[in-house]
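Q: One structure coming up, written as structure tokens, with questions to follow.
Protein chains: 2
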Amino acid sequence: MGHPVVAVAIVFVSAAIAMAASSQYSHHPLDPLTATEITAIRAAVLASPLVPARPLFFHYVGLDEPDKPDVLSYAYGAADAAATSSQMTLPRRAFVIARAGGQSHEFTVDIAADNASVLSHAVHRGPGFPMFTDEDQIAAMALPYTYPPFVESVRRRGLDVGEVGCGVLSRGWFGAEQPAYGGARVVKMKCVVVDYNATANIYARPVEGVVMVVDLDRMAIIGYRDRAVFTVPKAEGTDYRADKVGPPFTGPAAPPGVVFHVGFDMRAGTVISLASVNDTDAGGLKRRVLYRGFVSEIFVPYMDPEEEWYFHTFTDAGEYGLGALASQLQRGADCPANAVYMDGYYAGSDGKPVKAEDVICLFERYAGDVAWRHTNGIGLGGLFSEVRPDVTLVVRMVVTVGNYDYTLDSEFKTVGSIKIMVSLSGILEMKAINYTHVDQIREDTHGTLITENTIGVYHDHFVTYHLDLDIDGTRNSFIKNNIVPKRNTGVRATGGAPTPRRSYWTVLYEVAETEAEGQVNINSAPADLLFVNPSKKTKIGNEVGYRLIPTGATAMSLLADDDYPERRASYTKKQVWVTPYNKSEKWASGLYAEQSTGDDNLAAWSKRNRSIKDEDIVLWYTVGLHHVPYQEDFPVMPTISGALEVRPSNFFERNPLIRTKPPENSPNCSCSIGGSA
Amino acid sequence: MGHPVVAVAIVFVSAAIAMAASSQYSHHPLDPLTATEITAIRAAVLASPLVPARPLFFHYVGLDEPDKPDVLSYAYGAADAAATSSQMTLPRRAFVIARAGGQSHEFTVDIAADNASVLSHAVHRGPGFPMFTDEDQIAAMALPYTYPPFVESVRRRGLDVGEVGCGVLSRGWFGAEQPAYGGARVVKMKCVVVDYNATANIYARPVEGVVMVVDLDRMAIIGYRDRAVFTVPKAEGTDYRADKVGPPFTGPAAPPGVVFHVGFDMRAGTVISLASVNDTDAGGLKRRVLYRGFVSEIFVPYMDPEEEWYFHTFTDAGEYGLGALASQLQRGADCPANAVYMDGYYAGSDGKPVKAEDVICLFERYAGDVAWRHTNGIGLGGLFSEVRPDVTLVVRMVVTVGNYDYTLDSEFKTVGSIKIMVSLSGILEMKAINYTHVDQIREDTHGTLITENTIGVYHDHFVTYHLDLDIDGTRNSFIKNNIVPKRNTGVRATGGAPTPRRSYWTVLYEVAETEAEGQVNINSAPADLLFVNPSKKTKIGNEVGYRLIPTGATAMSLLADDDYPERRASYTKKQVWVTPYNKSEKWASGLYAEQSTGDDNLAAWSKRNRSIKDEDIVLWYTVGLHHVPYQEDFPVMPTISGALEVRPSNFFERNPLIRTKPPENSPNCSCSIGGSA
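Heads up: the sequence lines are chains A and B, in that order.
1 is the number of the first residue of the first sequence in the UniProt record's numbering; add one for each residue after it.
1 is the number of the first residue of the second sequence in the UniProt record's numbering; add one for each residue after it.
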């Protein structure tokens, strides 16, 4: 491809690959150590008289990069970097951490071509230990099989020791409150049932209650505890390997399939209705998620109080109309080649229909994302990977309100999520000023000097969505799962010993009873926010729900409550509002938004503080950006985005993508822009 | 395509298109109004005796959707929705807002086949007005040309009235502090130089100082003000049309090209070094952005204080090694077909080289995104769109630390941004418990019952990046552009009248002098955070810089400061830390992270509170998630992501993508997953 980015990058990648395979030393001072170099480093350390103790184990071997100034002059020093690099030769060194004689040793090793020599050595005397080695872990994992108390614990649980595997867990650090074991390199081990015929998901079948303490240097079990017997969860339904979850498969393209209706309104633009997802584990049952979703308002207040600018406090949907201002989408530019297009119709002021051509596009996005994956790791038998590439379905409209271009996407994800995203581009609102250089400026210009005589004026964008979520039915509740810190009181579960852990967090479930409790600043206390259906539970008793996942652009209005524009858009001081469904409450800034006074807006309706518990409720979510212009925004702005995802959370009995088929071959996504070499 | 999602969706889209074009009335109760229906609605309203006043202008015509219960029973009512829909017929109605006789009239119109009748009529008596019509705006825009004071103002500025155009701006609402004009439908108008031969960017050339007041119903200018003359910015350099910015073009694939070095480390995994961007406006000059960037640590504390779980406080990089645990990437699944792959080498405990095959992939992503766009709007002459599709370059590694899989991406964006993203998948850490149903649970189980006998334990993920940004050179400063609310004091610029606006926000520039000032909670007060080079300025005097744009996953640690795991990872209570460059300060949790005590970590180093102003400084950024498991996370977790983008901000003189070529034809991104029908 003629892509300069990749063209250049590939050169480096190829170089690195060549280097890595080469038997010569590196060609770039930051190239990672080659196999040949590592071999030479090993020989040098083992040959060094500084550490005679054996056995000696290598825990870390990495490039000790040259000093930054040298690397910089190598890379950028001369006008012709290439020439420089061919002239300069920088020291090539490695940093090594090895364990021997119960100590951590540090070596600096000089590498010249295929031989190396130790430049310096030090013993680490402080606390802490280097990374575990694979061999540490593999050796430790073999210990329990011959440790009688463990064999007995396994038997107590009706298991055969042959079907159990244990893993090395770092023990952390808990000061004097934990045994010191004379400063030995101690880890803990916990075990799981490993039976790959039954399931690949070893983590789903813990041998709960058993913890071992292992000294890695002595490679011996030095502590053992079997607190109590817990039921080992069944293997059934835990596997994720394609050959175990299917056939039947739900197809290579990922379920849950989504069904929805695409509409058009001259004020709201695109309207998504009756969105439901297929629950393949429930025989393809169509389950409801969203009744109606659309952009209710876009409030754009500018931050210049001067005479010609103070009134720039736009409500784009209510004053200009998003559908009426939808742009004809440019095929292959606004939407990719695989898009399909829809027209819209609205009424002109004479009442006659006006055709809005190609204003909505719909396309599948293959972005190289992964829907889910797992690689089964070291030492536990079976090394294998299961990976499912992702694909999403995008419904797009671009609305151009004068200078600004809003790309409004509704993205349906394979996991059952709906992601609403707004991407801003277009032209800044600019103010002429007599300055040509920042140094001339003495007062607050209420914006950035982005080019001579031109201020890009500070402003906000508040895009407010009306999302009438109906999670598995009409009557829902809004839940705040508050994530709250707790002290460790030492109160223990049956038979449990006290632990040195001093704090943790837990989840406090809170149902929003009324509209006041449904208003949330998502930047304040941490919480998972969910819409749930209190009358629908999963088999094991969790309320079925969808949760909110904000993705950037969480700004709120900074205008004073008594300021007129803020009174009109007072709902922009919380990102989240929840109201009972009311057919007349569609427009956050009121039906008559133009010169509106705030007496008929979302905040005004909510003052009634109606009940929102187990009712037909609506989510209002505002994506907000404070826009400080920069010179890159001139003459036309690069796109910047904000989004909200609503994601199934205890809605399905399990990962709805579990029965998707792995790709038989690569998703073929090698794209090209027409006209590129 | 065999994609069930799209297959279904397309049906609806096609239906809607068919409907929209049809001369029959809709087939789905939520279908938007067709051209035929709009024509019938118009006839009904004009024929209605209820509003004899003329002229009558239509401001809003939209579907008045049937009542929600009826739509729901239509869509989901019976087992076989299709059968139902063919039987049920719901009322088909439109809601209309029209202006006549100086009043806003509301009509409900019943539509039957090709004729319609008015069901109800009301007059809006409250404040506010309906959306502007195109005709409102076009008529208003014609007024100034024959308005002598405006013609004079234009002459004062040395312009010809023929080269000026004016736009309708909503006036907002400012209560009694603004003229009432007897409640008339009043807007303001401001003007720009419109000379499409000189530039398409009309917004860049405001006729500053002139504001008109227009009564839209009388369609007359009723107020006029010319405060002062300001320089009209020059047209040169403001255009964005391809034929005006080039040739030469910088190619269809977007600059700024980026050059960087890809390395590998057994602890950090992928290391990106010496990243610089080509400044095409500076003759392709390579300008530095990032010296070294890598994942320094991943801290994962679990929230169960019980005996077998309290010590689950992992530092994955320092204890297990991200490079050593990098998974072999599955071609076509972990990375798309157009990816290239790199190997890595690390040392086993015996010091011998171990080959990590295909652990890094590099690919171009064409996701259907738009790099920038603008459609030139109504009534200002020339209706045209300029759109540039986007492409990004992704460097990816997947690290599997036991049960968890971290997909670690470095994404190089065409605008010059570097976006670092972590995507989590894999298997939850599960605790066996004797409960099979939520109703049995009485105590805090420290997690979610995700299937029978199985708790998905609450935990956090804190992925801390070491980003040694060198913005256009080594010595940088860290800037907090604090976005602060202000009262409108009424202090006016020269000749300016007082305004009723009561508040706004502005930007207060703050340089972080020392490390303490470099620590930021990004969820607190709003601010743009930048790395700038104080010794490099743009031509007009702005400091060149890059700014931080967090994209989701901004959680911070909730552990108590005196708790041992928190002492080891105390840096996880702020997302942003800035330190002076120190070659030995690579690992946020210290060189010897295993059983570390917090005496050698990022927070400990920063206690020295070194100067970070105009120094070689390093950004440490933590992507954080509180993970409350849900049943969908079992048996394997769908991917969830968090990211940080560092984006050029006054780094370039203008949008670096301005001279990119529009696609000659579509980016060909129609992908398919092998094996799909």
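We put the CB at the ideal spot given by N, CA and C, even for glycine.
Along chain A, in chain order, which residues have C-beta atoms closer than 7 Å to that of M430 (chain B)?
A: Y203, A204 and P206
Q: Using a Cβ-Cβ distance cut-off of 8 Å, determine whether N115 (chain A) contacts chain B.
A: no
Q: Need the endpoints of the alpha helix (DSSP H) that Y564 (chain A) sits in, please.
A: Y564 to R568 is the span of the alpha helix (DSSP H), which, as asked, contains Y564 (chain A).
Q: According to DSSP, is I549 (chain A) helix, strand or coil?
A: strand
Q: Find the residues of chain B that neighbour Y406 (chain A), judging by a C-beta separation of less than 9 Å, and give them in chain order.
A: Chain B residues near Y406 (chain A): none, gap ~10 Å exceeds 9 Å.
Q: Of all Cβ atoms in chain E, is any one closer than 8 Å to the Cβ of I471 (chain B)?
A: Within the model displayed, chain E is absent; protein chains A and B are what it includes.
Q: Using a Cβ-Cβ cut-off of 6 Å (strictly less than) and excluding sequence neighbours within five positions of T639 (chain B), which residues of its own chain qualify?
A: Here the set comprises S423 and S425.
Q: Do you know offhand how far residue 678 (chain A)'s Cα is from V438 (chain B)'s?
A: No statement about residue 678 (chain A) is possible, as the shown extent of chain A runs from 1 to 677 and does not include it.
Q: Listed in chain order, which residues of the segment 256–284 of chain A have Cβ atoms closer than 9 Å to some Cβ of chain B?
A: P256, G257, V258, V259, F260, H261, V262, G263, F264, D265, M266, R267, A268, V271, S273, L274, S276 and N278
Q: Spell out the partners DSSP gives A112 (chain A) in its beta bridges.
A: A:N115
Q: Who are the neighbours of C335 (chain A) on chain B, taking C-beta pairs under 8 Å?
A: G368
Q: Could you tell me which residues DSSP pairs with V168 (chain B) in its beta bridges?
A: DSSP lists B:M189 as partners of V168 (chain B).
Q: So, does the CB of V164 (chain A) fall closer than 8 Å to a CB anywhere in chain B?
A: no
Q: Which of the three DSSP states, helix, strand or coil, is assigned to T84 (chain A)?
A: Because the pLDDT of T84 (chain A) is 46, which lies under 50, any placement of that residue in the model is unreliable, and the question is left without a value.
Q: Going by DSSP, which residues form a beta bridge with T313 (chain B)?
A: B:P301
Q: Verify the CB distance criterion: does E135 (chain A) have a CB-CB separation below 8 Å to chain B?
A: Chain B, which has a Cβ nearer than 8 Å to the Cβ of E135 (chain A), makes this yes.
Q: Alpha carbon to alpha carbon, how far is K190 (chain B) from N523 (chain B)?
A: 38 Å
Q: State yes or no: is the C-beta of L644 (chain B) within less than 8 Å of the C-beta of T551 (chain B)?
A: yes
Q: Take A268 (chain A) as the anchor and find which of A:Q519, A:P648 and A:R292 has the nearest alpha-carbon.
A: Comparing Cα positions, the closest option is A:R292.
Q: For A81 (chain B), which residues in the same chain have their Cβ closer than 7 Å to its Cβ, ignoring the five residues on either side in sequence?
A: The pLDDT assigned to A81 (chain B) is 43, lower than 50, so where the model puts this residue is not dependable, and the model offers no usable value.
Q: Would residue 695 (chain B) count as contacting chain A if we go by Cβ distances under 8 Å?
A: Only positions 1 to 677 of chain B appear in the structure, and residue 695 (chain B) is not among them; the question remains open.
Q: At 3 residues or longer, what runs of the beta strand (DSSP E) sit wholly inside the UniProt domain "Copper amine oxidase N3-terminal" (130–230) of chain A?
A: The UniProt domain "Copper amine oxidase N3-terminal" (130–230) of chain A contains these whole beta strand (DSSP E) runs: 164–170, 186–193, 210–215 and 220–226.
Q: What do you reckon, are the CB atoms on R502 (chain A) and V245 (chain A) nearer than 8 Å?
A: no
Q: Hey, is the segment 292–312 of chain A in contact with the segment 339–348 of chain A, meaning 3+ C-beta pairs nearer than 8 Å?
A: Per the Cβ contact rule, the segment 292–312 of chain A is not in contact with the segment 339–348 of chain A (fewer than 3 Cβ pairs under 8 Å).
Q: Is the beta carbon of I41 (chain B) closer than 8 Å to that of A116 (chain B)?
A: yes
Q: Compute the Euclidean distance between the alpha carbons of D600 (chain B) and L408 (chain A), then round it to the nearest angstrom.
A: 47 Å
Q: I'd like the span of the beta strand (DSSP E) that includes A536 (chain B), first residue to last.
A: It is worth fixing the name first, because residue 536 (chain B) is Lys in this sequence and not Ala. Following the DSSP letters along the chain, one finds K536 (chain B) inside the beta strand (DSSP E) bounded by residues A527 to K537.
Q: Are there 16 or more other CB atoms within 10 angstroms of the CB of F384 (chain B), so buried, or fewer, so exposed?
A: exposed
Q: Looking only at DSSP bridge pairs, what is K355 (chain A) linked to?
A: A:Y345
Q: How would you call A324 (chain B), buried or exposed, if buried means at least 16 neighbouring beta carbons within 10 angstroms?
A: buried
Q: Does the segment 170–190 of chain B come within contact of the segment 387–399 of chain A, defined as at least 3 CB pairs closer than 8 Å?
A: no
Q: State yes or no: is the C-beta of T451 (chain B) within less than 8 Å of the C-beta of G128 (chain A)?
A: no
Q: Can at least three beta-carbon pairs, one atom from the segment 52–72 of chain A and one from the segment 27–40 of chain A, be found at a separation below 8 Å?
A: The segment 52–72 of chain A is in contact with the segment 27–40 of chain A.
Q: Does DSSP put H3 (chain B) in a helix, in a strand, or in coil?
A: Model confidence at H3 (chain B) stands at a pLDDT of 26, short of 50, so the residue's coordinates are unreliable; what they give is reported in the following sentence. Coil at H3 (chain B), not helix or strand.
Q: Kindly list the residues whose CB is nearer than 6 Å to the CB of G223 (chain B), restricted to its own chain and excluding five residues on each side of it in sequence; keep chain order.
A: V213
Q: Measure how close the beta-carbons of R288 (chain A) and S276 (chain A) come, nearest whole angstrom, since I'm counting them as under 8 Å.
A: For a cut-off of 8 Å, the C-beta gap from R288 (chain A) to S276 (chain A) is around 5 Å, short enough to register as a contact.
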